[in-house]
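Numbering of the sequence shown is given in my numbering, commencing with residue 7 and proceeding in unit increments.
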Amino acid sequence: MVYNISIITGDGIGPEISDVCLNVLYAIRDKFNIKLNITLVKAGDNCYAQYGNALPEETIKKIQSSDVCIKAPVGQTAASVIVKLRQLLSLYANVRPAVNLPNVDSIGKNVDLVIVRENTEDLYKGYEFTADDVAVAMRVISKKACYKISEYAFQLAELRNKKRQVVAIHKNNVLKETCGLFLKTANQVSKNYSNIKFSDMLVDTAAMNLIREPEKFDVILTTNMFGDILSDEIAQIVGGLGLAPSGNIGDDFAIFEPVHGSAPDIAGKGLANPIAIILSTKMMFEWLSIKYKDSNLLEISNNINNSVNFLLANKYTTPDIGGTLTTSLVQKKLVDSLLRA
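1) Report the CB separation of Leu318 from Val120 in whole angstroms; it is logged as a contact under 8 Å.
2) Just curious, the beta strand (DSSP E) that Met207 is in, first and last residue?
3) When DSSP labels each residue in this structure, what does Ser334 get in the three-state scheme?
4) Would you mind sorting Val142 into buried or exposed? The rule is 16 or more other CB atoms within 10 Å of its CB.
5) Curious, which full-length alpha helix (DSSP H) runs of at least 4 residues does the segment 14-86 contain?
6) Might you give, ordered along the chain, the residues of its own chain that have their beta carbon closer than 8 Å to the beta carbon of Gly256, omitting 5 neighbours on each side?
7) Since Thr229 is in the alpha helix (DSSP H), which residue starts that stretch and which ends it?
8) What separation, rounded to the nearest whole angstrom, lies between the Cα atoms of Ala159 and Val122?
9) Closest by CA to Ala213, which one among Ser196, Leu236, Met7, Ser205?
10) Given 8 Å as the limit, is there contact between the segment 16-28 and the segment 328-339, that is, 3 or more CB pairs closer than that?
11) Within 10 Å of its beta-carbon, does Arg92 have 16 or more other beta-carbons around it, so buried, or fewer, so exposed?
12) Return the chain-ordered list of same chain residues with a C-beta closer than 6 Å to the C-beta of Met144, the five sequence neighbours on each side being excluded.
13) Are Glu124 and Thr211 touching if we call contact CB-CB under 9 Å?
14) So, is Ile13 buried or exposed, given that buried needs 16 or more other C-beta atoms within 10 angstroms?
15) Could you check whether Phe38 and Asn279 sit closer than 9 Å to each other, using their CB atoms as the reference points?
16) Could you give the residue range of the alpha helix (DSSP H) that holds Asn315?
17) Which partner residues of Glu263 appear in the DSSP bridge assignment?
18) For Ser156, which residues in the same chain have their Cβ closer than 7 Å to its Cβ, ignoring the five residues on either side in sequence?
19) Quick check: Ala269 and Gly50, are their CB atoms within less than 9 Å of each other?
20) Three or more C-beta pairs under 8 Å: does that hold for the segment 215-222 against the segment 179-189?
21) Since Val120 sits in a beta bridge, which residues does DSSP pair it with?
22) Of all the options Ile175, Lys321, Tyr54, which has the alpha carbon lying nearest to the alpha carbon of Asn215?
23) Return the Cβ separation of Gly16 and Pro103 in integer angstroms, given the expectation that the two are a contact with Cβ distance under 8 Å.
24) Rounded to whole angstroms, how far is the Cβ of Ser313 from the Cβ of Leu340, which I believe are closer than 8 Å?
25) Classify Pro264 as buried or exposed, calling it buried when 16 or more other Cβ atoms lie within 10 Å of its own Cβ.
26) Can you tell me where the alpha helix (DSSP H) with Ile284 in it begins and where it stops?
27) From Ala282 to Pro251, what does the alpha carbon distance come to, in whole angstroms?
28) Quick one: what does DSSP say Val341 is sitting in, helix, strand or coil?
29) From Lys321 to Gly329, what distance separates their C-alpha atoms?
30) Per DSSP, what are the beta-bridge partners of Gln171 in this structure?
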């Protein structure tokens, strides 16, 4: 089988880390004799400057014709790119894991959690208006979206087979209608998963407890904006955004991307940390293995993870996490490790 992968090369450090990702995919293709058809596509600030559109129709068509997409960070046009793609392609689940990594300073030990965030609604619908001196934003929360994201969270808790816990994060004491609907729906879905312990927590309490006792969490289920904020917190807990992967996942398609931004201040200096996009690629192969029932892809995912751990354990990293290597040298060490595995 041929796996068709589209890659949004992005802005700032995006092209640099996309190049690392591309060379890793080439190494994987050669080592595992897997058929990968890779298409580079444009989106973001540079694309807008060139074409007057941050997400051209041609790019959308190429992404839709692929099996999966990897996205490097884009700049100020992010809302016009990834938010639009999430809604256009019904990528309703934003999945962001956080785990302790070798040789990386973190808060707490034995951290292994994941945030499952509804990805298409909430304030990110962009329904805003101004009347006189008052600005209003509409928070959209539907039962259908709450049901789908709750199902995803409980199924993931079963698949992970860790603590087998789901905690729903909300602000139901203030946002009684929107968070009320979210929490009520999550409770209803929990009845179908008697083997998973379900609880709920206010978002401010969750923000505190993630710092105090991150190791006690397993699967966090929450709404779009709360999840966006908390996922950056969990990234910092285990070492920072340069190590944080994510997936935007729907029923039939997914886009995987690093959590961090385009960092234009270090673009072209060889300082870009490629680990987050490589761990996102690891997540991609894991998702593909489940979708296409291909155990070889799960082996590839595990090999990528092992190679990243090898780099971290030996400090073969960029300066932002204590190493001395350039982006291209990290790429070389990573590819060498993959080929030896």
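Glycine included, each C-beta is placed from N, C-alpha and C at the ideal position. Quick caveat: nothing in here was measured; it's all calculated off a predicted structure.
Answer, in terms of the structure:
1) Going by Cβ atoms, the distance from Leu318 to Val120 rounds to 20 Å, so no, they are not a contact pair.
2) 203-208
3) helix
4) exposed
5) 20-38, 51-57, 63-70
6) Leu95, Ser96, Leu97, Tyr98, Ala99
7) No alpha helix (DSSP H) contains Thr229, which DSSP labels as neither H nor E.
8) 6 Å
9) Answer by Cα proximity: Leu236.
10) The segment 16-28 and the segment 328-339 touch, with no fewer than 3 CB-CB distances between them shorter than 8 Å.
11) buried
12) Tyr133
13) no
14) buried
15) No, the pair does not count as a contact, with Cβ atoms beyond the cut-off.
16) 301-319
17) Ser252
18) Thr191, Ala192, Val195, Leu227
19) no
20) no
21) Pro103, Val225
22) Ile175
23) Between Pro103 and Gly16 the Cβ distance is about 21 Å, and since that is not below 8 Å, they are no contact.
24) 6 Å
25) buried
26) 281-297
27) 5 Å
28) helix
29) 5 Å
30) Answer is Lys203.
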